[in-house]
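Below you'll find the structure, written out as structure tokens, and then a few comments.
Protein chains: 2
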Amino acid sequence: MKRLAILGSTGSIGRQVLDVVRRYPDRFSVAALTAHTGADLLCAQAAEFKPSFVGLTGSTQAIDCAVPVAYGAEALEEAATRDDVDTVVVSVVGMCGLKAVLAAIRAGKTIALANKESLVAGGSLVMDAAKAAGVDILPIDSEHSAVWQCLSFGKRFQKIILTASGGPFFGRTRDSLKNITPEEAVKHPNWNMGAKISVDSATMMNKGLEIIEAAHLFHTDRIEYVIHRESVIHSMVAFEDGTIAAQMSPPTMDIPIQLALTYPERLPSGTPTFDFSKPLTFHAPDEKNFPMPALARESLRIGGNAPCALNAANEAAVGLFLKHKIGFCDIYEIVKGVLSTLSVIEKPTLQDILNTYDEIVGKLMRDYR
Amino acid sequence: MKRLAILGSTGSIGRQVLDVVRRYPDRFSVAALTAHTGADLLCAQAAEFKPSFVGLTGSTQAIDCAVPVAYGAEALEEAATRDDVDTVVVSVVGMCGLKAVLAAIRAGKTIALANKESLVAGGSLVMDAAKAAGVDILPIDSEHSAVWQCLSFGKRFQKIILTASGGPFFGRTRDSLKNITPEEAVKHPNWNMGAKISVDSATMMNKGLEIIEAAHLFHTDRIEYVIHRESVIHSMVAFEDGTIAAQMSPPTMDIPIQLALTYPERLPSGTPTFDFSKPLTFHAPDEKNFPMPALARESLRIGGNAPCALNAANEAAVGLFLKHKIGFCDIYEIVKGVLSTLSVIEKPTLQDILNTYDEIVGKLMRDYR
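Protein chains in written order, with the numbering used here: chain A, 1 to 369; chain B, 1001 to 1369.
Rendered as structure tokens:
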């Protein structure tokens, strides 16, 4: 019986984690649940799964719930470090995930990781801590899960090839994107996602962030990506003998979520195999019209707090775009500007990372009030 | 240093095995070489690789060679069982491969297997012997090598999905194939192969034989195939969670040959990775117009000496077709007729298998003299 703490249980990933627990009640128990919002759903989940700890991080106001609830940001770390927890599923959004991941690692927990910020902003901190503690970090993101699976073909690889759907504006020129509205940007062809991540997909920054994550998870800078509109191949790994290993399935988070929990076993999921009814196509990246991934690579090259700055600037800029305060193409210009004027800290501490994030987001919010 | 016996060293696979030895002279030595024909090339190979044993199986007449040469069919088993051999590469064509494989297994050698007949005609004998001796059988065929690689994704699989190029007559109706000439049938779109195997590709019997081989190698009857014209995905394995693992590379035998020798390591080969410049397409099998794979499955279902009979009948019929004695579509009719009138031996011995083969080939040769 694997005892789970699910951080962010009312979000899309958190809810699907609970579906896996429902599917395999003999294999998993829920020891802790936390949510930032969605108190009603959190209470319903608590009633169903009977965890020993329930936390509502987004409020300090007591809610009407049949079980005892802890309130405020501290609840996240408490859930992540409890003695009755084996695996911590980190499916919260934002920088709070980084602190929770580091706390869980120090407590010796296995990490099932769906929080982008942990690796993008604090990749070196997280990977160093995991190595020191001898803790496994199992990726839940579909691309990184695919890479992790493909690495079973062999230890030494030539390069990682992430796949990218290309987003809703694939094939368009930068000029034609100037007047894109938030409503157009959040329509993704293959995946049903939140607004922020949908815009990241439209700008291709999602692939940039994934390159940073993959660089940390797999200790390499040999990472390419290819546009693959069908989102059936979730990523690939090329080996020195010329072999490419590919992981395929219909576009669903069900498989990577379940595998991170059941690993090293695979169990039946709710997803059928791809039925080969359509061709799989590939296109070279177009970084002239979609320059975000190049910016992400540049932040990796600078190192230190630069990827954190990139992520903070992107997050703030996407927020401003969604509020109609800046145009679609301004997102890139803002991130580029932040990166070029950054005071680089080569070996940032956790506090340096958190400060970098707060300062950049704070300044952009003030600048575009 | 892995010491190789290469049975069939002057054929296409044998020559490529020697290319791998040339590429990694510090890892491999050649202890034994045999060839059925091609005495001049065999002598040149012997001069270059200095094996302790050289055999010419297709002749009992002494040839002019700088090193001592053994002659006749017995040379095959001697090469396969010598004390100074670790791995036996079985790249001979025909039923003699089965005897050599069984001898090598009993001598405790690792088998790198490119001989179809061993598994098609004698699959149960070979797999039982390998299990009893604790010997590994590493497939060299591109499809089976791909399946074997994909199985690293997980132990329990849902099904194997072989890929098939579809051959030169993909998309055509059976009626339109009646007057196909041998010259048309041996033109394969992706692979440069011998005449017999090219005709097997044109009739799709190659996929039928591969289904039988895979059934033995991977202990399953859950084997499908899909037409994949580009021959980039060399086969796939579907797992219970909905994941499909795929092995990709440009169409070359270089990778499966090298991997069978270097396993569990992968080393740089002469083959680049697939460059994603073209789409990958898939089509459902068309067994109405290409019914050979169904016949192969039927032989598996019957069991015993039936797959051997299928293979013998097919080999004889393809030979008759290549000599313009029968039409292209007669190949199927002959194999079907042989299978439907076969005296089934449920638990055949090696001698039963060899007799089944000889009787069927002999009879067909007499019938169509």
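Just so you know, even glycine gets a beta-carbon here, dropped at the ideal spot from N, CA and C. All values reported here derive from a predicted model rather than from experimental measurement.
Rounded to whole angstroms, the gap between the alpha carbons of M1365(B) and T1081(B) is 34 Å. No Cβ of chain A is located within less than 8 Å of the beta carbon of G1097(B). Per DSSP, V237(A) is one residue of the beta strand (DSSP E) stretching across I233 to F239. When DSSP states are grouped into helix, strand and coil, V318(A) belongs to the helix group. Here the alpha carbons of A1100(B) and G1319(B) stand approximately 24 Å from one another.
In the structure shown, I1331(B) falls within a helical segment according to DSSP collapsed to helix, strand and coil. Apart from sequence neighbours up to five positions away, the residues of its chain that approach A294(A) with a beta-carbon distance below 6 Å are E287, ordered along the chain. In the DSSP assignment, M1365(B) falls within the unbroken alpha helix (DSSP H) covering L1350 to D1367. With the criterion set as a beta carbon lying under 9 Å from some beta carbon of chain B, the stretch 318–345 of chain A has no members that meet it. Taking a contact as a CB-CB distance under 8 Å, the pair S165(A) and R229(A) counts as one, their CB atoms being some 6 Å apart. For T1163(B), the enclosing beta strand (DSSP E) has its first and last residue at F1157 to A1164. In summary, the residues of the stretch 158–182 of chain A whose CB is separated from some CB of chain B by less than 9 Å are Q158, K159 and I161, in the order they occur in the chain. DSSP, read as helix, strand or coil, puts P1139(B) in strand. For F1169(B), no pairing in a beta bridge is given by DSSP. Apart from the 5 residues on each side of it in sequence, V361(A) sits with its Cβ closer than 6 Å to the Cβ of A312 and A316 in its chain, given in chain order. Counting other Cβ atoms within 10 Å of its Cβ, P1264(B) stays below 16 and is therefore classed as exposed. Three or more beta-carbon pairs separated by less than 8 Å link the stretch 1240–1254 of chain B to the stretch 232–247 of chain A, which places the two stretches in contact. The CB of Q149(A) comes closer than 8 Å to the CB of F1153, T1243 and A1245 in chain B, given here in chain order. Rounded to the nearest angstrom, the Cβ distance from S235(A) to A146(A) is 4 Å, consistent with a contact under 8 Å. In the three-state reduction of the DSSP assignment, L342(A) falls in the coil class.
Per DSSP, F1276(B) is not a residue of any beta strand (DSSP E), being assigned neither H nor E. In the DSSP annotation of this structure, the continuous segment of the beta strand (DSSP E) that includes G1055(B) starts and ends at F1053 to L1056. Straight-line measurement puts the Cα of A1039(B) at about 7 Å from the Cα of I1063(B). When C-beta atoms of the stretch 294–303 of chain A are compared with those of the stretch 200–214 of chain A, three or more pairs fall below 8 Å, so the two segments count as touching. Counting along the chain, the unbroken beta strand (DSSP E) around V88(A) starts and ends at T87 to V90. Straight-line measurement puts the Cα of R15(A) at about 10 Å from the Cα of L42(A). Close partners of T1281(B) in chain A (Cβ separation under 7 Å): P279.
Of all residues in the stretch 1220–1237 of chain B, the ones placed with a Cβ closer than 7 Å to any Cβ belonging to chain A are V1226, in chain order. Apart from sequence neighbours up to five positions away, the residues of its chain that approach R1174(B) with a beta-carbon distance below 6 Å are N1289, ordered along the chain. V92(A) and G208(A) have their alpha carbons spaced roughly 20 Å apart. Taking 8 Å as the threshold, the shortest C-beta distance from E1143(B) to chain A does not fall below it. In the DSSP secondary-structure assignment, Y1071(B) is bridged to L1056(B). With a threshold of 8 Å between beta carbons, R27(A) makes no contact with chain B. In the three-state scheme derived from DSSP, where H, G and I count as helix and E and B as strand, E1048(B) is classed as helix. None of the residues of the stretch 1076–1089 of chain B has a beta carbon lying less than 8 Å from any beta carbon of chain A. Taking the CA atoms as reference points, L1339(B) sits about 16 Å from D1352(B).
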